[in-house]
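To keep things clear, I will list the structure first and then write my remarks on it.
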RNA sequence: GCUCACGUAGCUCAGUCGGUAGAGCACAUCCUUGGUAAGGAUGAGGUCACCGGUUCAAUCCCGGUCGUGAGCUCCA
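Numbering (my numbering), first residue to last: 251 to 837.
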């Protein structure tokens, strides 16, 4: 099953449509290029398109740009906007354009023109002294751009290939109004505050060490969240008719040769030698699951068989790709393989969607789906693809789920449906995926015995819902900004005695809470209540129970809810009742 | 893996134009027993990522390695 990709979709809707935003940002990128040209004569231009949330421009220059340069460039951009230079489109003949850009020393532009199809019109946009090869369209003049901001600096290969020279890329964004830009920058700040790497340390959930790049260590508090996630997952899978398995982390070479990983995925795998035989650390769970299926003969009456596995896989990701818990080298997929009759594909797919829907909804995630179809290099007959893709599509249509189609983006072994969920600040994350697999049943010669007593090939779906448990955990940390709902909170309640004479009562309250199955602590340090509250707030503990003379006398607790403050006094019994209910409802 | 930047106490960071370092928070001890987001005092804590080089002397300069960050690339 493929690695999930991180996508962000944080663009607030402010432009009339995507086209307008694109034109606006594209003009912004020309202004950027013009400013850089003015400040750094001799710079060579790469490309400068509009992208989601902004724009960038690539430059080749003999010196490295530094962050301070961005400010200078921004000021120059402001000047260009002030000058309100008209953007003039001019069409050129191919030869004329080549000569024009060659004359300017713009080697990359020359290369671009050479690669343009013979029949397209070549257009150049002029703004004052500046000219750039560009299909357009553009705003009528530079003064139309109002709020612009350069954001970052990075290296990028010319035309995205590491064989080509590395250019310097400047990222920026622009908006119709200053206020929108400020809002956007504020969202970036907000995202930074929620960064799971920062919160993970502050809340003592997990850590990363030089000793294990890409191999995160889960701390006791992180482990509580993870265990809660997994038991929720197990409960739902049991109800949905899945059986759980566990397959080994290390299996021998022959298996990986058979599955095709040895040939196609070796670059990303870890190996070891045991008793003079080659073994591999699994990068995926499917082969193990296939072995379980093959271990006995199945009748068509047994199908579908749904084998689920929280499987720990290792993949040697590029060092530059590692990122907190989001992109690691060892992670747990909440995998499942469904072995079924070809006629059961639709029904099983629908059931998986039900399950995914139920799981996401508990976290308050909205989501959208995308259907990916047959790629160029595909395995299996076109008819098979046609049938399978239609099955997936029909399921989505029948449920009235809107979906985008990604032509040719399917895995080469089968079409798939991807789930992109939207977090509390509007970013989207691809987590769940449902993939039909035509390859594994063939490679492993899977069969079931049909009504006719003959061997038949089962269809196989593999699917994940969280994707990677570690990554889903990271998404949740950012989604909740560390303030987990009660059922997930590492610490659910903390007892705060006002003075030392209340310690005995606090201890009784704590014991009762623990007995009731509430994750609780008592803060018995000789500090003021205000101090203890502050600390509990920072730890994002959902309930703080202040106990002093009044409470000790009446057998009550003074409840304070995280962030919202004093909630009044409750008898200990009624508080526990309410908390247990809140935990059970996972609300 | 590639480009650029960065790596100083558990955390966030300052600092030394080359003479072995400092703050706040956290931690420990003591005083304080205080009712809803920081009471006070004292103290401990660092081979300045690692390995080499230059130098009388390197945390600082140079090279390499490892790690981290932003991108790129890759992603069955």
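Quick reminder that beta carbons are idealized off the backbone N, C-alpha and C, glycines included.
- Annotated as distal: residue 377 and residue 426, with beta-carbon spacing of 8 angstroms or more.
- By the Cβ-count criterion, residue 359 is buried, with 16 or more other Cβ atoms from all chains shown falling within 10 Å of its own Cβ.
- Taking residue 463 as the centre and dropping the five residues before and after it, the same chain places the C-beta of 569 and 572 closer than 7 angstroms to its C-beta, in chain order.
- Only residues of its own chain outside the window of five on either side were considered, and among them 797, 798 and 802 have a CB closer than 7 angstroms to the CB of residue 752, listed in chain order.
- Annotation: the continuous beta strand (DSSP E) that includes residue 680 extends over 678–687.
- The residue among 620, 833 and 632 with its C-alpha nearest the C-alpha of residue 793 is 833.
- When only Cα atoms are considered, residue 495 and residue 536 end up about 12 angstroms apart.
- In terms of Cβ geometry, residue 493 and residue 558 form a close pair [threshold 8 angstroms].
- Membership of residue 632 in any beta strand (DSSP E) is not indicated; the residue belongs instead to the alpha helix (DSSP H) covering 632–648.
- Residue environment: residue 287 is assigned as buried (16 or more neighbouring CB atoms within 10 Å of its CB, all protein chains considered).
- Using a Cβ-Cβ distance cut-off of 8 angstroms, the region 670–688 and the region 545–557 are not in contact, since fewer than three pairs of beta carbons, one from each stretch, lie closer than that value.
- Under the three-state reduction of DSSP output, residue 723 falls in the helix class.
- Across the set 386, 294 and 402, the C-alpha of 294 shows the shortest separation from the C-alpha of residue 361.
- Take the alpha-carbon of residue 662 and the one of residue 629: they are about 6 angstroms apart.
- Beyond the five residues adjoining it in sequence on each side, residue 469 comes within less than 7 angstroms, by CB distance, of 454, 455, 456 and 457 in the same chain, given in chain order.
- Around the C-beta of residue 489, fewer than 16 other C-beta atoms lie within 10 Å, and the residue is accordingly described as exposed.
- By the neighbour-count criterion, in which a residue is buried when 16 or more other Cβ atoms sit within 10 angstroms of its Cβ, residue 281 is buried.
- The Cβ atoms of residue 748 and residue 795 lie no closer than 8 angstroms to each other.
- Distance from the CA atom of residue 331 to the CA atom of residue 371, rounded to whole angstroms, is 28 angstroms.
- With a 10 Å radius around the Cβ and a threshold of 16 neighbouring Cβ atoms, residue 739 comes out buried.
- Taking C-beta separations shorter than 6 angstroms and ignoring five residues to either side along the sequence, the partners of residue 627 in its chain run 662, following chain order.
- Inter-residue distance for residue 827 and residue 806 is about 13 angstroms (C-alpha atoms, whole angstroms).
- Per the Cβ contact rule, the region 611–624 is not in contact with the region 583–596 (fewer than 3 Cβ pairs under 8 angstroms).
- It is roughly 33 angstroms from the alpha-carbon of residue 534 to the alpha-carbon of residue 301.
- Here residue 755 is buried. Its C-beta has 16 or more other C-beta atoms within 10 Å.
- With contacts defined as CB atoms closer than 8 angstroms, residue 789 and residue 741 qualify as a contacting pair.
- When rounded, the separation of the alpha-carbon atoms in residue 774 and residue 781 is 12 angstroms.
- By the criterion of at least three beta-carbon pairs nearer than 8 angstroms, the region 498–505 is not in contact with the region 475–490.
- Around the CB of residue 761, fewer than 16 other CB atoms lie within 10 Å, so the residue is classed as exposed.
- Between residue 342 and residue 374, the CB-CB gap stays under 8 angstroms.
- Assigned with DSSP and collapsed to three states, residue 427 falls in coil, not helix or strand.
- About 4 angstroms separates the Cβ atoms of residue 279 and residue 305, confirming a contact at the 8 angstroms cut-off.
- A distance below 8 angstroms separates the beta carbons of residue 744 and residue 791.
- Restricted to the region 534–606, the beta strand (DSSP E) segments that are unbroken, complete and at least 3 residues in length are 555–564 and 580–590, listed in chain order.
- Here residue 333 carries a helix assignment [DSSP, helix/strand/coil].
- Shown here for residue 639: same chain residues with a beta carbon closer than 6 angstroms to its own, the five before and five after excluded, namely 623 and 665 in chain order.
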